[in-house]
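Student: In full-length UniProt numbering, the protein residues as written are 1 to 99.
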């Protein structure tokens, strides 16, 4: 599972005692599907850690909205749309951690 956590853009991830709110996650198949559709960058790795700022979250919302309905499964679209919507509403970025 690739877990997503809300993180303010100004927050340093190496801060001592940092506790982040987990808002959900996606499975490997969904990650690959979103990469193939161009929503997740091709150089990112499912089993690593990466971070998107709020501005990038907003762009990903727009990309997902403009994507043809058949580009990704509806379940994948719904889960990912919820993750980025929660981040956008909180004016935060997302930290992804794969396991």
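C-beta: ideal position from N, C-alpha, C; glycine also. For clarity, every value in this text was computed on a predicted model and none was experimentally measured.
Roughly how many angstroms lie between the CA atoms of residue 60 and residue 84, to the nearest whole one?
Tutor: If I take the Cα positions, the gap works out to 8 Å.
Student: Just tell me which of 94, 76, 90 and 97 has its CA closest to the CA of residue 35.
Tutor: Selected option, being the one with the closest Cα: 76.
Student: Between which two residues does the alpha helix (DSSP H) holding residue 2 run?
Tutor: Residue 2 -> not in any alpha helix (DSSP H); beta strand (DSSP E) instead, spanning 2 to 7.
Student: So residue 96 and residue 50 are in contact, right, with Cβ under 8 Å, and what is the actual spacing, rounded?
Tutor: Their Cβ separation, rounded to whole angstroms, is 5 Å, which keeps residue 96 and residue 50 in contact under 8 Å.
Student: Quick one: what does DSSP say residue 98 is sitting in, helix, strand or coil?
Tutor: In the structure shown, residue 98 sits in a strand (DSSP, three-state: E or B).
Student: Please return the same chain residues whose Cβ sits closer than 7 Å to the Cβ of residue 46, not counting the five positions on each side in sequence.
Tutor: Here the set comprises 2, 28, 31 and 98.
Student: Would you list the one or two residues that DSSP bridges to residue 77?
Tutor: Answer is none; residue 77 lacks a bridge partner.
Student: How many Å lie between residue 42 and residue 72 at the Cα?
Tutor: Near 16 Å, if we compare the C-alpha coordinates of residue 72 and residue 42.
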